[in-house]
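Peer 1:
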Amino acid sequence: MFAPSSAGNSSDDWSLGSGGSGGRSHRGSANTTPKNGVRGGSGDGGRSIVTASGVSRSAILPSAQVNLSSLRRPTTGLARVENLASSSSSTTSKSNMPVVESAGYYQAMIQAKIDETSKEMKRLRSETEMADVHSEPRMALESRHDALLNTVRGLEGDLADYNLAREYVRSGSSPGDVKKSTLPIISSNKKMEKDIDAVFFKRKKVEDEISSVEAEVARLNAVLESKILDGDDEKMDDYRSALEQVKATISETEQQEDDIVLIRHKLRMIELNDQGFGSLCLKKKKHVEGMKKLLEQVDEDINLSQMADDEARECLLGKIVGLQLSTKELEEELSMLENELKTLHEIQKKNRTEKLMGGAARAYDRLFKKENSSKQYLERLPKMQTQLDEERGRLLSTIETLRCDISKMEKWMSDMDLPSKEEMELMRNDVAFARKHLDANQETMSILRQQKKKLMDELAHVTSLDGKITSEIDKLDEQTAVFITEIDKFGNLSELEDSANATRLHLVDMNDMHARGIQILDNLVRSSSLSSQQRMSILNNSSGWRELQDLKSKICTQGQVLLKLQESRTNYGNVKAECLQLMEEINQRIMSSFLH
1 MFAPSSAGNS SDDWSLGSGG SGGRSHRGSA NTTPKNGVRG GSGDGGRSIV
51 TASGVSRSAI LPSAQVNLSS LRRPTTGLAR VENLASSSSS TTSKSNMPVV
101 ESAGYYQAMI QAKIDETSKE MKRLRSETEM ADVHSEPRMA LESRHDALLN
151 TVRGLEGDLA DYNLAREYVR SGSSPGDVKK STLPIISSNK KMEKDIDAVF
201 FKRKKVEDEI SSVEAEVARL NAVLESKILD GDDEKMDDYR SALEQVKATI
251 SETEQQEDDI VLIRHKLRMI ELNDQGFGSL CLKKKKHVEG MKKLLEQVDE
301 DINLSQMADD EARECLLGKI VGLQLSTKEL EEELSMLENE LKTLHEIQKK
351 NRTEKLMGGA ARAYDRLFKK ENSSKQYLER LPKMQTQLDE ERGRLLSTIE
401 TLRCDISKME KWMSDMDLPS KEEMELMRND VAFARKHLDA NQETMSILRQ
451 QKKKLMDELA HVTSLDGKIT SEIDKLDEQT AVFITEIDKF GNLSELEDSA
501 NATRLHLVDM NDMHARGIQI LDNLVRSSSL SSQQRMSILN NSSGWRELQD
551 LKSKICTQGQ VLLKLQESRT NYGNVKAECL QLMEEINQRI MSSFLH
């Protein structure tokens, strides 16, 4: 059986006993006699075997009298537990199977549980931060809640204004009644404006008086200075010496005041340092308590590594149960706190809404809605509970599968031959070299991609220039063709002059013809104007025309009266806006009076 060579050595130093020599412990090249030697079946000595991790271990060299089938590989971790379970049920004795009392498996289990508990503590810490009133996320949520609550209040106020205006319209109150109700408010506003103007006028008057007093003081100082300058030299010297003494005393008093301020500041700092020293002591005390807890945890881990399998499993299960109970208690406390916060928020909201929206009917409607929502929630509660149970079952199944996978992985890791430290260093160096080479290749690839992009941009620019050049050449060809046709057209000037003379003669003939037509039209216009004047005189002298003019004037007056009547109609939209504005001012004044 393997056993530790000494209590102070690490778990990597183990010794294997033999029959004659009592076993040998190998650390480096030194040979020492173990304290706990166990008799074997041979008198031969042990031989040092270097494992893949670089640690020397002792082993038994089998002799001719030993059955090779009885020698088995030392097992660790879960494989050890399975072998122990199988050996207990079989007829093979436990003494034939060598076992390594390694603490690595238990350390891994403890580390996994520590990680799990740390994650759970982080989650609980975040939840407690959300439950804490002074935490930043809770304050952010509360600020958002307050902003939304203010928005809701504003909307409720607008809704109340709209409802009030609608009630005014339904009750048949005229705009005159509303204006009469606003007359006291308007008069009070005017009175307040007058009071404010009086305050400003008074301030202006006081400022003028202060400026006049300052001017008088400056004048008196100038007169006194002139008198002093006109006086004797001895009096001037006495005056100057007295003035210097006064200035010196003023500076001394100011310095003493500064010293007093500094002394007060030092006293305040000393008080703050005392408070800080107290807080520092508390922090140190908490740190010492944390170190004590950490030492206790390390001692528990050491004791756990030295325990048997069943005891270690029971201890770990007890810890897990304790953690589950503590997490359950924390979750219950958190749920209680959340329920209390919800009830407080509901009470606050209810009080605010009852303040803002009075009336027993509305309160009854709100309570009825709340009762319906609570009934719906109670109806949905069993379904939610079943869903939570199903989710819990799925989580437990996933946890079990993860545990099985972890156990399989640990068994595979225990059966796998791990590389030595030198091989690991070589592999790390190779990985680092490959990583550096990969980074360099990536940099060169990025540079080449940039260069390729630049070349593609230049190629696209060149192709666009080729297209532009071809289009410009086509335009130039078209312009040259137009120029050639114009040159051919203007090559024979005599033909152009003949055509121009012909067009000029044609235009002169057309001008003469149009002049004659204009004269004829003028004559026709004169004759028609004379006939129209005669007809207008006849029409003015007729009685039907006068009656028609009278009717036209009557229609105009009636149209003006109709427009006035249409303008005098009440614009209920403007009246509604005025009513809403007045109600808003009234609500603001009521709220300000409540606040004061």
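Residues in the sequence shown are numbered consecutively from 1, following UniProt numbering.
Using N, Cα and C, we set each Cβ at its ideal position, and we do this for glycine too.
Please read all numbers here as calculations on a predicted model, not as lab measurements.
1) First and last residue of the alpha helix (DSSP H) that includes GLY154?
2) Three or more C-beta pairs closer than 8 Å, one from the segment 159 to 166 and one from the segment 575 to 582: is that the case here?
3) Taking contact to mean 3 or more Cβ pairs, one atom from each stretch, closer than 8 Å, check whether the segment 582 to 590 and the segment 178 to 192 are in contact.
4) Could you tell me the alpha carbon to alpha carbon distance between LEU507 and SER529, rounded to whole angstroms?
5) When the Cα atoms are used, what is the spatial distance from HIS461 to GLY467?
6) Suppose the cutoff is 7 Å on Cβ atoms and the five residues either side in sequence are ignored; what does the same chain contact list for HIS145 look like?
7) Determine the direct distance from the alpha carbon of GLU244 to that of ALA215, and round the result to whole angstroms.
8) Expressed to the nearest angstrom, what Euclidean distance is found between the alpha-carbon atoms of GLY393 and ILE110?
9) Kindly provide the ranges of any beta strand (DSSP E) runs that are 3 or more residues long and lie completely inside the segment 427 to 476, ordered along the chain.
10) Is any heavy atom of the ligand ZN found at a distance shorter than 8 Å from the C-beta of ASP177?
11) Look at GLU136 and GLU129 and say whether their C-beta atoms are less than 9 Å apart.
12) Starting from the Cα of GLU116, find the closest Cα among ILE320, ILE590, THR557 and give me that residue.
13) How close, in whole Å, do the beta carbons of GLY157 and ASN587 come, if the pair is a contact with beta carbons under 8 Å?
14) In the structure shown, what three-state DSSP assignment does ALA103 receive?
15) Can the beta-carbon of LEU149 be found less than 9 Å from the beta-carbon of LYS349?
16) How close, in whole Å, do the beta carbons of LEU334 and ALA131 come, if the pair is a contact with beta carbons under 8 Å?
17) Please classify SER102: is it buried, with 16 or more other beta-carbons within 10 angstroms of its beta-carbon, or exposed?
18) If you run the structure through DSSP and keep just helix, strand and coil, what is ASP132?
19) Report buried or exposed for ASP477, applying the criterion of at least 16 other Cβ atoms within 10 angstroms of its Cβ.
20) Among residues of its own chain, excluding the 5 on either side of SER88, which ones have a beta-carbon nearer than 6 Å to its beta-carbon?
21) If you draw a straight line from the alpha carbon of SER471 to that of ALA500, how long is it in whole angstroms?
22) Express the C-alpha separation of ASP512 and ASP488 in angstroms, rounding to a whole number.
23) Can you look up MET397 in the DSSP assignment and give me helix, strand or coil?
24) Just the Cα atoms here: how many angstroms apart are GLU458 and THR401?
25) From the DSSP output, in three-state form, read off SER174 for me.
26) For ASP498, which residues of its own chain have a beta-carbon under 6 Å away from its beta-carbon, when the five flanking residues on both sides are left out?
27) State the DSSP-derived secondary structure class of SER542, mapped to helix, strand or coil.
28) Can you have a look at ASP161 and say buried or exposed, based on whether 16 or more other CB atoms are within 10 angstroms of its CB?
29) Are GLN561 and PRO175 close, meaning C-beta to C-beta below 9 Å?
30) Below 8 Å on the Cβ atoms is my guess for TRP545 versus LEU551; work out the distance and round it to an integer in Å.
Peer 2: For this structure:
1) For the purposes of this step, residue 154 is taken as the residue at position 154 of the sequence shown. It spans 136 to 171 - the alpha helix (DSSP H) in which GLY154 sits, taken as one unbroken run.
2) yes
3) The way I'd put it, the segment 582 to 590 does touch the segment 178 to 192; three or more beta-carbon pairs between them come closer than 8 Å.
4) Reading the sequence shown from its first residue, position 507 is the one you call residue 507. Reading the sequence shown from its first residue, position 529 is the one you call residue 529. Computed Cα separation, rounded: 32 Å.
5) Walking along the sequence shown from the start, residue 461 turns up at place 461. Walking along the sequence shown from the start, residue 467 turns up at place 467. Whole-angstrom Cα-Cα distance: 10 Å.
6) Against the sequence shown, residue 145 aligns to sequence position 145. Excluding sequence neighbours, HIS145 sits near nothing in its chain.
7) Here residue 215 is taken as the residue at index 215 of the sequence shown, counted from 1. Here residue 244 is taken as the residue at index 244 of the sequence shown, counted from 1. Going by the C-alpha atoms only, they are around 25 Å apart.
8) Working through the sequence shown from its first residue, we reach residue 393 at position 393. Working through the sequence shown from its first residue, we reach residue 110 at position 110. Between GLY393 and ILE110, the C-alpha separation is close to 25 Å.
9) none
10) The ligand ZN is not part of the structure shown, which contains no ligands of any sort.
11) For this step, residue 136 is matched to residue 136 along the sequence shown. For this step, residue 129 is matched to residue 129 along the sequence shown. Yes, the Cβ-Cβ distance between GLU136 and GLU129 is below 9 Å.
12) On the sequence shown, position 116 is the one that residue 116 refers to. It is ILE320.
13) Counting from one through the sequence shown, the residue named residue 157 turns up at place 157. Counting from one through the sequence shown, the residue named residue 587 turns up at place 587. Sure, about 6 Å apart at Cβ, within 8 Å.
14) Here residue 103 corresponds to residue number 103 of the sequence shown, with the count starting at 1. In the structure shown, ALA103 sits in coil (DSSP, three-state: anything other than H, G, I, E or B).
15) Counting from one through the sequence shown, the residue named residue 149 turns up at place 149. Counting from one through the sequence shown, the residue named residue 349 turns up at place 349. In contact: LEU149 and LYS349 (Cβ atoms closer than 9 Å).
16) Taking the first residue of the sequence shown as 1, we reach residue 334 at position 334. Taking the first residue of the sequence shown as 1, we reach residue 131 at position 131. With a Cβ gap of about 6 Å, LEU334 and ALA131 count as contacting.
17) As a first step, residue 102 is located in the sequence shown; it is residue number 102 there, counting from the start. It is buried - the Cβ of SER102 has at least 16 other Cβ atoms within 10 Å.
18) The sequence position of residue 132 within the sequence shown is 132, counting from 1. DSSP places ASP132 in coil when its eight states are reduced to three.
19) The residue labelled residue 477 in the question sits at position 477 within the sequence shown. Exposed is the call here.
20) As a first step, residue 88 is located in the sequence shown; it is residue number 88 there, counting from the start. Bear in mind that the predicted position of SER88 carries a pLDDT of just 46, short of 50, making it unreliable; the figure below should be weighed with that in mind. Annotation for SER88: no residue places its beta carbon closer than 6 Å to its own, counting only its chain and skipping 5 residues before and after.
21) Counting from one through the sequence shown, the residue named residue 471 turns up at place 471. Counting from one through the sequence shown, the residue named residue 500 turns up at place 500. So the alpha carbons of these two residues sit roughly 38 Å apart.
22) By 1-based counting over the sequence shown, the position of residue 488 is 488. By 1-based counting over the sequence shown, the position of residue 512 is 512. One C-alpha to the other measures close to 36 Å.
23) Taking the first residue of the sequence shown as 1, we reach residue 397 at position 397. This sequence places Ser at residue 397; Met is not what is there. Of the three classes helix, strand and coil, the one that applies to SER397 here is helix, per DSSP.
24) Here residue 458 refers to the residue found at position 458 of the sequence shown. Here residue 401 refers to the residue found at position 401 of the sequence shown. Taking the straight line from one Cα to the other gives about 59 Å.
25) Taking the sequence shown and counting its residues from 1, one reaches residue 174 at position 174. The answer is coil: DSSP assigns SER174 none of H, G, I, E or B.
26) Along the sequence shown, one-based indexing puts residue 498 at 498. Same-chain partners within the cutoff: there are none.
27) Residue numbering aside, residue 542 sits at position 542 when the sequence shown is read from its first letter. It is coil, neither helix nor strand.
28) For this step, residue 161 is matched to residue 161 along the sequence shown. Classification for ASP161: buried.
29) Numbered from 1 along the sequence shown, position 561 holds the residue referred to as residue 561. Numbered from 1 along the sequence shown, position 175 holds the residue referred to as residue 175. Correcting the residue identity first, residue 561 is Val in this sequence and not Gln. No, the Cβ-Cβ distance between VAL561 and PRO175 is not below 9 Å.
30) Stepping through the sequence shown from its first residue, residue 545 is reached at position 545. Stepping through the sequence shown from its first residue, residue 551 is reached at position 551. So it is not a contact: roughly 11 Å between Cβ atoms.
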